[in-house]
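In the working numbering, the protein residues as written are 1018 to 1093.
Below, the structure written as structure tokens:
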């Protein structure tokens, strides 16, 4: 799948996401979501105590993980 495919899948989400959107998109818990944001695995902006996440950054993260999985499979 490519960027446009994921844009279509996530078209109902806003351009700037909240943590709850991220957990739904990736089907993960809040702790995992916060860890991904804190270690900058997913680009984000912290305003006060709240995170704002560009939808584009989430799609880029998915594509990166997808690509790493393909590369790992090729090596083995």
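Backbone N, C-alpha and C define an ideal beta-carbon position, used for all residues, glycine too.
The C-beta distance from residue 1069 to residue 1059 rounds to 11 Å, too long to fall under 8 Å, and the pair is not in contact.
Proximity to residue 1022 across 1040, 1086 and 1077 peaks at 1077, based on C-alpha coordinates.
Counted as a single uninterrupted DSSP element, the beta strand (DSSP E) harbouring residue 1068 occupies residues 1067-1071. Per DSSP, reduced to three states, the secondary structure at residue 1049 is helical. Counting every other CB atom within 10 Å of its CB across the protein chains shown gives residue 1072 a total of 16 or more, marking it as buried.
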